[in-house]
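Here is the structure we will look at.
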Amino acid sequence: MEARFNLFDSETAAKFAKRFHGVAPVLEQSSLPKSTQELVMLRVSQINGCSMCVDIHTKEATAAGEDAVRLHQVAVWRESTVFTEAERAALALAEEGTRLADAHEGVSDETWARVREHYDDDRTGALVAVIAMINAANRMNVIVRTPGGSYEAGMIKTALD
1401 MEARFNLFDS
1411 ETAAKFAKRF
1421 HGVAPVLEQS
1431 SLPKSTQELV
1441 MLRVSQINGC
1451 SMCVDIHTKE
1461 ATAAGEDAVR
1471 LHQVAVWRES
1481 TVFTEAERAA
1491 LALAEEGTRL
1501 ADAHEGVSDE
1511 TWARVREHYD
1521 DDRTGALVAV
1531 IAMINAANRM
1541 NVIVRTPGGS
1551 YEAGMIKTAL
1561 D
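The number in our numbering is simply the position in the sequence shown, starting from 1, with 1400 added.
Structure representation (structure tokens):
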């Protein structure tokens, strides 16, 4: 696959990307576990078909010490035994929050209740923000067909700092 467009070749898109990435430290410093953030970002990216973000979040999670089995099982998390109940709640919210048009109510009350059983206000807010941010990043990359495969852990911080 070849990219249609390099967002960093556009002055406006490049400025936007830097500001967009500027919120990352807020999420990284939140009390929501980094492993949960990476699992959620990976699952949302899989749903949206964003090769670049699947590449990024698989490699960043691996670099942070995430187990390969868990990464391989994210796409089938409902049928897997390797996720905690809290992670399952986060993955369910990520899926429903990504597939908003697939259900008239968007996120179900059942899923929301499961999230609130496991996450306090700070972690819930961070989880909602992570889901929103990765969906936006996926859409930008999918629109311009940014290919995945060549990412190395840490590259995004270097490129946008």
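Here a beta-carbon is modelled for each residue, glycine too, at the ideal position from N, C-alpha and C.
Counting along the chain, where does the alpha helix (DSSP H) carrying residue i start and finish?
i, result
"Pro1425", "1424–1428"
"Phe1420", "1411–1421"
"Met1401", "It is not in any alpha helix (DSSP H) - Met1401 carries neither H nor E in the DSSP assignment."
"Gly1525", "1521–1544"
"Glu1438", "1434–1448"
Which same chain residues, not among the five before or five after residue i, have their C-beta less than 6 Å away from its C-beta?
i, result
"Leu1493", "Thr1511, Val1515"
"Ala1489", "Arg1514, Val1515, His1518"
Measuring CB to CB, does residue i end up less than 8 Å from residue j?
i, j, result
"Arg1545", "Met1441", "no"
"Ala1461", "Glu1438", "yes"
"Val1444", "Ile1534", "yes"
"Ser1430", "Ala1526", "yes"
"Ser1435", "Glu1466", "yes"
With a threshold of 8 Å on Cβ separation, who are the neighbours of residue i within its own chain once the five nearest residues in sequence on each side are excluded?
i, result
"Phe1483", "Leu1439, Arg1470, Gln1473, Trp1477, Leu1491"
Enumerate in chain order the residues of its own chain whose CB-to-CB distance from residue i is below 7 Å, with the five nearest sequence positions on each side excluded.
i, result
"Ile1456", "Tyr1551, Ile1556"
Given 8 Å as the limit, is there contact between the segment 1449–1456 and the segment 1527–1539, that is, 3 or more CB pairs closer than that? yes
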